[in-house]
Amino acid sequence: MKTGVIKLLIVVLGINIFFAYIGLYFLPQSESRPPKELKLAPGVSQDDLVLLGEEIVFGKGQCMVCHPMKPETGMRAPAIATIGADMKKEAEKRGIPYEEYLFIALVAPSKYVAEGYDDIMPPVHKPPTSLNEGELIAVAAYLQSRGGTVTVKYPDSLEQLREIIRREGGS
Amino acid sequence: MAEKDIKKGVLKGLLKLTLILGAGFLLLGILGRILPSPTEDGYRFFPVIGSRVWVWIVAQLHLNFAAFVLGVPIFAVTMEFLGWRRKDERLDRIAYDFTKLFTLAYTLTAVMGAVLMVSLPILYPKFIQHLMKVLGPTWWAYILFMYGEVFVCYYYFYSWHRMKDRKGLHVLLGVLLNVMGTILLLITSSWVGYMTTPAGVTETGELVNRWQAIKTYMWIPLSLHRLVANVVFGAGIAAAYAAFRFITATTPEEKAYYDWMGYTSAMIAIGFSLILPGIGYLLGVEIYAFNEQMGIQLMGGFYAWLWVMQAILIGAILFFINYYLWISLNKMPGGERYFRYVKFLFIVVLLGYAIWLTPHSVALSLEEARRIGSYHPVLGKLGVMASKNTAVIISYMATFISFAIFRMSNKEPTVSWASMGKWLRVLIIVASTGVVLFLGVYSYMVPSVTRVKVLSPIQFGVFLLSILALYILDSRMFKGARVIGEPRWGQMPERSQYALIGITVTFTWLMGMMGYMRSGGRQYWHVYGILKDTSPDAYLPAHGVASVIVTLVTLLFFLMVAFVFWSVMKLEMIAEQRRAK
Amino acid sequence: MTEIYIGVFLLGILISLLAWYKRSPFFNFIGIQIAVYGFLKGLALFIPPLPSQVVVMYMAMSVFAFFIYFSIREETFRAFLAPIKSVLADRDKVLYRVVIVFIGLPLLAAYITYAKVRPSFEPPVSARIVHPEPPTEIDFRGKKIQILGLENPLRKDTDRMKDYLEEGKKIYYQNCFFCHGDDLDGKGHFAEAFNPPPLPFRGTDTIAQLPESFVFWRIAKGWTGLPPGSRPWDSAMPAFEDILTEDEIWKVILFIYEASGNKPRTWE
């Protein structure tokens, strides 16, 4: 009876150590840190804006969760690769200024949904993504750079962005 | 036991709960006074291991016990009911033993709950303030129902022998106990649901609609998932208890009884675990519906590798249960006839496990990368969901066949169509395996959407249908069958019991890990999208760290469970002595 | 050297069969493990070798599973343990005991430790993106070509397909064959010299997964066009825009798909 209980202990301990071993040495080890907030310096160049925007699109913004880079079957959201050109066309079709259309697409995405897609995108200036104003402008610059020319600037576009957020974005 | 004992027992239970709660509130008040006030953004820090790890361990331990005390009554009452209707003394005894276990476990559950109740407001004052603001009334309701639960539970336990002649009423009491338990579960699930998929508040966390905050996306699916998982887990612990008692038993009668109890509990656990993937799928769908980002993050992002870990764990569970069933053939008169099939089942389970474990991508050393190239044609094919689904379904099928073999191994069918029935059984097994395999191969050739939405459910459906068909066929075929001999309960080698323990340990570990994933899905938020976690712990730890903590929790839990088992034995000994006097 | 594993495999089978005949589950177990090891390693003769991590995993599983298997029946398990117990306890097995327990096992442990801590000069492993994102457009010798949505212009011209394929074949054998091989299996004359080795075109996981526009970009830009994540310095693919014309690239693309029996991926 005594040996039985000891063996039992060994079994429980052994299985647990085995699982911990797999977790420690078999699975990749990396941590997931919360993203940092971006603070833009006034007069940052448009090239830098595009680079910063790219980082947000691929990282903190988590855009790639739904948007593919290039068109593919069954994609749930428009491809990023040509999105600048596509949005420009779309804005002209609806008769809205290009930049305004761009910002609305970020802060009130339900207003204009690209044809053939479901309305699934959350406003990215609100939690959980919570991009700040500078980050929104950087993302806009990056999107424009995909197939179009970059027109947004920091801090020049701030006023327009704030205006749109006030009008469309609720809070 | 006399009527007075019931009253005394119930009073004792209520008093204990009041004492624990009172001590908790008292400690909360004292600590709140004497500890330095929290940091500006609302945190205090637990020494050495940090607040998060402390709360993690305490919460998981509390949850494990809660799962146990909520899960076991469900099948305890069912057993009591069956024993009552079929006039089966043994079923009544097992139901009583289950009840003894969870009644004793209540105290530890309450203690762990009180520790958690003190820790959270002290360490995370701002977060708890927010929760109280939004869901405060549910907390008071929770305490109320807790008293109700304890009252009914202790009454149910102490009146067991007293109400022997009023069994119907007693069973009803058990049902009431489960109703209480389910309400408690719903309340706690609503808290977790709110933290993960919040609703009913503004973006800054101001309360708009309390009912909306309770009735979140996650609420019902999470509760269902927990309800079923609690049964699985509770039965697993009961099996571990039986194994423990089997090993320490001294008389053949005891050995026979605990052998049977272990078998019954393990089968309840495995049987209910069959529905878990389905409910888990439902939960996943709701998470996706709430926020695609969170869904993908949980399924394929940071946590992708933990799903591989999950495969390892479930594969181990399947292996343990098959092993247990195969060993069980030893005790069946006529079981020898079936050992030749075990060989094939073993190979099927082994290959299934091997495929399920095969990783899609592995870390290569440079030398290997040179020879293999960047991808491996064979592993690449085995490592995808198409093959894994197929492998796990076929392993499950093999497990069911092991179970069926065990059940029929001591019988010889006497119905006229017995030989035809045997062929029919072979046909069902071969045909369904063939269909599952074919669908598995075919699913390589279709887009993944078709695979996930059409082929995999069909595979699973074929599996469920075929085990249903086998079950019905067997029960018809073995009606009035010639029994070669009664199972020799108790004549089991000790190592079979280690398999039972193995199942339970693995379940507990799995529960700890999946719970961590559910909680980690919030990433750096206390309440997803509403209340940010700004403490130094606002990151997801590496998988190794998480594994070590889950291991720690599991070991602590088993330490405490061992204590419960030991006290049951002790109480039984005291009762024995009293009776002897 | 890999052939030796066939021997290992057969040896394992032999031991296992002998043990089965002699009814000794323990040696049967040993034989099976040797055979499984030989099999897993010997697979390298037919398919690319399994990564060592995977072999370790399968072996661990095999030991665990077969140990369980031999412990199902009481008699078998007793017979399984018999040799172990006998070596550990029997009076007449002192020699075995000394050789196995007091010399063999410590030596084995020492060797494992040595192998673990022995300094080695392998560079660390790091991930490489195998299928990088193509750029939206490329500059093909001064001409802007939009890669996204680009289609093979020659594919529509079905009448002259035969000629195109013939020419593509010629181009392939003059330019690509040295590395990608006569059989389009990535085993050309130079293949052994490169790390990572050239990609095969056969099979369903390389060009079959890619649209022709992607293949065009890879041929035109070679290693220089790879983004940093794909570690361009880990590729020896030349930029063929300096060697071939646009049309020639399209022809050779037609050829490699045709000859490998694959179809380019299209956006439905």
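Protein chains in written order, with my numbering: chain A, 1 to 171; chain B, 1001 to 1581; chain C, 2001 to 2268.
Backbone N, C-alpha and C fix where the C-beta goes; we use that ideal spot for every residue, glycine too.
All figures in this text were calculated on a predicted structure; none of them were measured in a lab.
### Message
Counting only Cβ-Cβ distances shorter than 7 Å, please list the residues of the stretch 21-36 of chain A near chain B, keeping chain order.
### Response
22, 23, 24, 27, 28, 29, 30, 31, 32, 33, 34
### Message
Within 10 Å of its beta-carbon, does residue 2025(C) have 16 or more other beta-carbons around it, so buried, or fewer, so exposed?
### Response
buried
### Query
Nearest-angstrom Cα distance between residue 23(A) and residue 1324(B)?
26 Å
### Query
In chain A, what lies closer than 9 Å to residue 2273(C) by C-beta?
Examination of residue 2273(C) is not possible in this model, given that chain C is present from 2001 through 2268 alone.
### Task
Classify residue 1019(B) as buried or exposed, calling it buried when 16 or more other Cβ atoms lie within 10 Å of its own Cβ.
exposed
### Message
Using 8 Å for Cβ pairs, my map puts residue 1564(B) next to residue 1101(B). What's the rounded Cβ distance?
### Response
7 Å
### Task
At 7 Å on the CB atoms, spell out the chain C contacts of residue 1339(B), in chain order.
Using a Cβ-Cβ cut-off of 7 Å, residue 1339(B) is close to 2073 of chain C, given in chain order.
### Query
Which chain A residues are close to residue 1548(B), counting only those with a beta carbon under 9 Å from its beta carbon?
20, 23, 24
### Message
If the cut-off is 8 Å on Cβ atoms, which residues from the stretch 107-126 of chain A count as contacting chain B, listed in chain order?
### Response
120, 122, 126
### Query
Which runs of the alpha helix (DSSP H) spanning at least 4 residues fall entirely within the stretch 1140-1166 of chain B, listed in chain order?
Here no run is fully enclosed.
### Message
Please state the DSSP three-state secondary structure of residue 60(A).
### Response
coil
### Message
Is there a Cβ of chain E sitting closer than 8 Å to that of residue 2117(C), yes or no?
### Response
Structure shown: chain E not included; protein chains present are A, B and C.
#### Entry: Beta-carbon proximity list for residue 1013(B), same chain, < 6 Å, skipping 5 on both sides
1150, 1154
### Message
Using beta carbons (cut-off 8 Å, strictly below), is residue 171(A) in contact with chain B?
### Response
Summary for residue 171(A): the model assigns pLDDT 46, below 50, so the residue's position carries little reliability; its value from the coordinates is reported in the next sentence. Output row for residue 171(A): interface = yes.
### Task
Taking residue 2068(C) as the query, report the chain B residues whose CB atoms sit under 8 Å from its CB, ordered along the chain.
1319, 1323
### Query
Beta-carbon of residue 1083(B) versus every beta-carbon of chain A: anything under 8 Å?
no
### Query
Is it buried or exposed for residue 1208(B), if we count other Cβ within 10 angstroms and need 16 for buried?
Counting Cβ neighbours within 10 Å, residue 1208(B) comes out exposed, since fewer than 16 surround it.
### Task
Report the rounded CA-to-CA distance for residue 2159(C) versus residue 2165(C), giving the unit in angstroms.
12 Å
### Query
Cβ atoms of residue 49(A) and residue 154(A): under 8 Å apart, would you say?
yes
### Message
Quick check on DSSP: helix, strand or coil for residue 1208(B)?
### Response
Here residue 1208(B) sits in coil by DSSP.
### For residue 1467(B) and residue 81(A), the rounded distance between their alpha carbons
49 Å
#### Entry: Within-8 Å CB hit, residue 1346(B) to chain C
Output row for residue 1346(B): interface = yes.
### Task
Give me whichever residues DSSP pairs with residue 2139(C) in a beta bridge.
2144(C)
### Task
Pull up the distance between the alpha-carbon of residue 1002(B) and that of residue 1502(B), whole angstroms please.
Here residue 1002(B) scores only 43 on pLDDT, less than 50, and its place in the model is too uncertain to base an answer on.
### Message
Quick check: the Cα distance between residue 1194(B) and residue 1180(B), rounded to an integer number of angstroms?
### Response
21 Å
### Query
residue 1505(B) CB to nearest chain A CB: under 8 Å?
yes
### Query
What are the start and end residues of the beta strand (DSSP E) that includes residue 1525(B)?
Membership of residue 1525(B) in the beta strand (DSSP E) is indicated by the continuous run 1525-1527.
#### Entry: Collapsed DSSP secondary structure at residue 175(A) in the structure displayed
Residue 175(A) lies beyond the residue range present for chain A, which begins at 1 and ends at 171; the question has no answer from this structure.
### Query
What are the boundary residues of the alpha helix (DSSP H) that includes residue 129(A)?
Taken as a continuous stretch (DSSP letters only), residue 129(A) belongs to no alpha helix (DSSP H), as it is neither H nor E.
### Query
In chain order, what residues of the same chain have a beta carbon less than 8 Å from the beta carbon of residue 1159(B), not counting five sequence neighbours either side?
Within the same chain, residue 1159(B) has close Cβ partners 1006, 1170, 1173.
#### Entry: Span of the alpha helix (DSSP H), counted from its first residue to its last, around residue 2001(C)
No alpha helix (DSSP H) contains residue 2001(C), which DSSP labels as neither H nor E.
#### Entry: Top-ranked residue by Cα proximity to residue 19(A), from 1526(B), 1071(B), 1509(B)
Ranking the options by Cα distance to residue 19(A), first place goes to 1509(B).
### Query
Does residue 1541(B) come within less than 8 Å of chain A when only Cβ atoms are used?
yes
### Proximity test, Cβ basis, 8 Å: residue 8(A) and chain B
Output row for residue 8(A): interface = yes.
### Message
Cutting at 8 Å between CB atoms, please list the residues of its own chain near residue 1453(B), excluding the five before and the five after it.
### Response
For residue 1453(B), where only same-chain residues beyond five positions count, there are no Cβ hits under 8 Å.
### Task
Enumerate in chain order the residues of its own chain whose CB-to-CB distance from residue 1276(B) is below 8 Å, with the five nearest sequence positions on each side excluded.
1225, 1228, 1229, 1232
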